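From first to last, the protein sequence lines stand for chains A and B.
Position 175 of the first sequence, counted from 1, bears residue number 175 in the UniProt record's numbering, the numbering being contiguous throughout.
Position 305 of the second sequence, counted from 1, bears residue number 305 in the UniProt record's numbering, the numbering being contiguous throughout.
Quick reminder that beta carbons are idealized off the backbone N, C-alpha and C, glycines included.
Nothing here was measured: the structure is a model prediction, and the numbers come from that model.
Structure record follows, encoded as structure tokens.
2 protein chains.
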Amino acid sequence: MTARRAASARATINDVAAVAGVSRGTVSRVLNSEAYVSDAARSAVTDAISKVGYVRNSAARNLATRQSHAVGLVVHEPHSLFLEDPNIGSILLGINSALSDADYQLVSLVIDSERDSHRVAEYLSGGFVDGVIIVSARAHDPIAKVVAELGIAAAFVGHPVDIEGIPYVGIDNFSAAKAITTKLKETGRRRIGMIAAGLDRDSGQDRMAGFRAALGDAFDPDLVITTPLYAHTSGIDGMRLLLDRAPDIDGVFAASDAMAAGVLDVLREVGRSVPGDVGVVGFDDSAWATRAQPPLSTVHQPAGQLGRRAAESVLAQLRGETVDTAGIFLETAIVWRDSA
Amino acid sequence: MTARRAASARATINDVAAVAGVSRGTVSRVLNSEAYVSDAARSAVTDAISKVGYVRNSAARNLATRQSHAVGLVVHEPHSLFLEDPNIGSILLGINSALSDADYQLVSLVIDSERDSHRVAEYLSGGFVDGVIIVSARAHDPIAKVVAELGIAAAFVGHPVDIEGIPYVGIDNFSAAKAITTKLKETGRRRIGMIAAGLDRDSGQDRMAGFRAALGDAFDPDLVITTPLYAHTSGIDGMRLLLDRAPDIDGVFAASDAMAAGVLDVLREVGRSVPGDVGVVGFDDSAWATRAQPPLSTVHQPAGQLGRRAAESVLAQLRGETVDTAGIFLETAIVWRDSA
DNA sequence: CTTCCGTCTGGGAACGCTCCCAGTCGCGAT
DNA sequence: ATCGCGACTGGGAGCGTTCCCAGACGGAAG
């Protein structure tokens, strides 16, 4: 008698109202902790709620209020991202913490196929979320386009070149790359190469430009290897190529820590000491950097902050504030360890 | 005139009906691709849809149908998980692909604080998702408890000891640990130690038990180091301790690849060769295994399948099928590389 | 010509909330 | 005694769908 299966017929606000002996309106007011509810009514309602085991039906609430109190995070290519980009975890945590403070629920949506892409677009436009954060979108990203057209609150982490009017948060890749290359040069290196990646995004382009700017006249295009992915294996292949082209190479800037780790592996294999024979620097200050032998000198990205700021921008839009769409650039820092 | 801002007032099914000159019911039938709609009506509706820029409001749909076509994935402690457990990415992809096939949307929910925990519980009970998958829940997990009480469709990846009646997918940790330890022993090792972790879950306990079973009389409790986390640093600390206790140690089973990588680092540091002086085996067959020097012999986990099977179980429950709550154990395989 | 059935359509009635208007009550000020 | 106002409550209307029943239509079978 007592233990009815809750799954089949869930208690509604009306049941609560009936048990508490008040009206629907009063229950709603208690639920949303509004003013103008007498203590007696309030406690009658809370008692009734626990008695009937009431949980609010969000679908109905969303329908009535036209908001969901949820923000989506769109993650592309989860495979490469989770495995190769250790910053995604910190970004996610930063987003979550900012949303959590505002009592918004973060829901992550993974895109792994064409079909996913459509479904997610529908999900976003269907009122499941009030806003969206998109991480590392490439140019011509279909989701980014849908979001832009829909006019839904949104922010990017990283800068998609072809989308205007949506705020984004990022770092100054050019300056950071220039700074660490300069520092590497100042350790007395004469022949410095680079392994570049992700040239289909601003970030990749800018890191390469920064490298070039730092080197000035000493820049030699032959010593720049470009690969599509920021992967460990890209670092290995790239370094082999560099050694082929310039056996006298004495410095390498890898555009990610994962690639820098690959560079170290090759150098160890061919018996060159680091930082004795060759100085190596990376980018990201990810877990790769501290694990590497020797630990990498690299550029620290404020990944958590990146996420947090993007989330805050979305929340501000949700509050109806107008936000700057110019882009926010956070400070990076050089972390000097033992690899150069 | 033409380009009205879509954000403010979105077209509803009624607008579509009006423009198409049919009734609400017919539009709904077209939307859900039901039978019994004339070709004329169908094309009038599709035309009207694109004309007014209609997108379906899911909140209303969920309310009416009492389902959301979404499944939640609850991820605890994202920090340690994303950084230390490289399998989570594959599990996620496996889940996503299974759900995607059934046209269900995966939404990942991160739990990083007490408050998150409450909010997620509310989210799950509020009708945002039809089912839920929980990865690596510990004992006394509050979310797991809520899910169990709610009677919502659910599945676990990994086995939470204190929850009954919910299906789970896992591997046979005991047999796998026993098998790889046996194989290590067969390379002629006499003094084999273990670095165990995660003893607050079945998986950790079982790996230790498997190790013990493989060794039989040769088992020496002093040669088992236990640490809470499956982390790289745990491996480093553990190996130092083992060398202290048994300088003549010639084999190590680390309960994760990350720890095994730490073991290798220490052995290199003290000048012991691998696999010459010491044979090392890990567990997971994660990216750590192939990156390590030398590459690790380890236990391969079918991570993608783990996720897929869990998702399929949830989908089956959603179709109203009764599923076996006994637990599904997937096959592991030993991958023999160069570290032993 | 009637009957029956399959095809197609319209629209009332939910679904479970929130919003908001109308109204009651009690109390201090006039 | 009357008024005004703040505190509180009830309940109708509406959010945008789906569900489903009633009914129209047309053609084949009797």
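Q. Whose Cβ in chain A lies nearer than 8 Å to the Cβ of ARG240 (chain B)?
A. Near ARG240 (chain B) there are no residues of chain A at all, since even the closest Cβ is about 17 Å away, more than 8 Å.
* Would you say GLY235 (chain A) and ARG189 (chain A) are within 7 Å of each other, going by their C-beta atoms? -> no
Distance cutoff 7 Å, beta carbons only. Does ASP47 (chain B) sit that close to anything in chain A?
no
(Q) Measuring only the C-alpha atoms, how far is THR226 (chain B) from LEU241 (chain A)? (A) 44 Å
message: Quick check on TYR123 (chain A): does DSSP put it in helix, strand or coil?
response: helix
field: Segments assigned alpha helix (DSSP H), at least 4 residues, entirely inside the region 216-252 of chain B
entry: 232-245
| message | Nearest by alpha-carbon distance to ALA311 (chain B): which of B:ASP285, B:GLN105, B:VAL266 is it? | response | B:GLN105
Measuring alpha carbon to alpha carbon, tell me which residue in B:ARG138, B:VAL55, B:ASP200, B:ASP237 is nearest GLY262 (chain B).
The shortest Cα separation from GLY262 (chain B) among B:ARG138, B:VAL55, B:ASP200, B:ASP237 belongs to B:ASP237.
**OP:** Please say whether LEU150 (chain B) and SER108 (chain B) have beta carbons closer to each other than 7 Å?
**Re:** no
Where DSSP assigns a beta bridge to HIS140 (chain A), which residues make up the other side?
According to DSSP, which records beta bridges pairwise, HIS140 (chain A) is partnered with nothing at all.
_With distance defined between alpha-carbon atoms, name the residue in A:SER23, A:ASP285, A:VAL19 nearest to SER256 (chain A)._
Closest option to SER256 (chain A), judged by alpha-carbon separation, among A:SER23, A:ASP285, A:VAL19: A:ASP285.
Can you tell me where the alpha helix (DSSP H) holding ILE88 (chain A) begins and where it ends?
87-101
Which partner residues does GLN105 (chain B) have in the DSSP bridge list?
-> B:ALA70.
Quick one: which chain B residues come within Cβ less than 8 Å of VAL110 (chain A)? LEU92, LEU93, ASN96, LEU106, SER108
Separation of GLY131 (chain B) from MET1 (chain A), as counted between CA atoms | Note that MET1 (chain A) has pLDDT 27, beneath the 50 cutoff, so the model's placement of it is unreliable and no number is given.
Quiz prompt | Pairwise C-alpha distance: GLU164 (chain B) and ALA6 (chain A) | solution = At ALA6 (chain A), the pLDDT of 34 sits below 50, so the modelled position is not reliable; the number obtained from the coordinates is stated separately. In a straight line, the C-alpha of ALA6 (chain A) is about 17 Å away from that of GLU164 (chain B).
Quick check: what's the CA-CA separation for ASP217 (chain B) versus LEU223 (chain B)? 13 Å
ask   = So, are the CB atoms of ASN32 (chain B) and GLY127 (chain A) less than 7 Å apart?
value = Contact: no.
**Request:** Look at the alpha carbon of SER117 (chain B) and the alpha carbon of ARG291 (chain A), and state the distance between them as a whole number of angstroms.
**Result:** Their backbone Cα atoms lie some 32 Å apart in a straight line.
Host alpha helix (DSSP H) of PHE174 (chain A) (start-end)
173-185 is the span of the alpha helix (DSSP H), which, as asked, contains PHE174 (chain A).
Please list, in chain order, the chain B residues whose beta carbon lies closer than 7 Å to that of ARG291 (chain A).
HIS232
* Proximity of residue 412 (chain B) and THR332 (chain B) at Cβ, strictly below 7 Å -> Nothing can be reported for residue 412 (chain B): it is not among the residues displayed for chain B, which extend from 1 to 340.
Can you check which of these residues, A:ASN87, A:LEU63, A:TYR36, is closest to LEU306 (chain A) by C-alpha distance? A:ASN87
Which whole-angstrom value is the C-beta distance of VAL135 (chain B) and ILE91 (chain B), which I expect to be below 8 Å? 6 Å
**Message:** As a quick exercise: from B:TYR54, B:ALA41, B:SER28, B:TYR36, pick the residue whose alpha carbon is nearest that of ALA11 (chain B).
**Reply:** The residue with the shortest Cα to Cα distance from ALA11 (chain B) is B:TYR54.
Since PHE253 (chain A) contacts LEU199 (chain A) with CB under 8 Å, what's their CB separation in whole angstroms?
15 Å between Cβ atoms; not a contact.
Next on the checklist: Please report the straight-line C-alpha distance between VAL75 (chain B) and VAL335 (chain B), rounded to a whole angstrom.
Outcome noted: 28 Å
*asked:* Along the chain, where does the alpha helix (DSSP H) containing ILE328 (chain A) start, and where does it finish?
replied: Where ILE328 (chain A) is concerned, there is no enclosing alpha helix (DSSP H), although the beta strand (DSSP E) it sits in stretches over 328-330.
Alpha-carbon to alpha-carbon, ARG308 (chain B) and PRO94 (chain B): Sequence inspection shows Gly at residue 94 (chain B); the Pro mentioned does not correspond to that position. Cα to Cα, the separation comes out at about 5 Å.
Exercise. Note down, in chain order, all residues in the UniProt domain "HTH lacI-type" (11-65) of chain A with a beta-carbon under 7 Å from any beta-carbon belonging to chain B.
Key: Identification of residues in the UniProt domain "HTH lacI-type" (11-65) of chain A having a C-beta nearer than 7 Å to some C-beta of chain B yields VAL55, ARG56, ASN57, SER58, ALA59, ALA60, ASN62, LEU63, given in sequence order.
**Study point:** Exposed unless 16 or more other CB atoms sit within 10 angstroms - verdict on LYS178 (chain A)
**Key:** That one is buried.
(request) Taking ILE249 (chain B) as the reference, give the member of B:ALA258, B:ILE111, B:VAL270, B:HIS232 with the closest Cα. (result) Nearest option by C-alpha distance: B:VAL270.
Report task. For the beta strand (DSSP E) containing ILE133 (chain A), list its first residue and its last residue. Result -> 131-135
Mind pulling the chain B residues with CB within less than 8 Å of ARG309 (chain A)? Neighbours of ARG309 (chain A) on chain B: none; closest Cβ ~18 Å, over 8 Å.
| request: Let me know if GLY170 (chain A) comes out buried or exposed under the rule of 16 or more other beta-carbons within 10 Å of its beta-carbon. | output: buried
(Q) Could you tell me the alpha carbon to alpha carbon distance between THR322 (chain A) and ALA316 (chain A), rounded to whole angstroms? (A) Approximately 8 Å between the Cα atoms of the pair.
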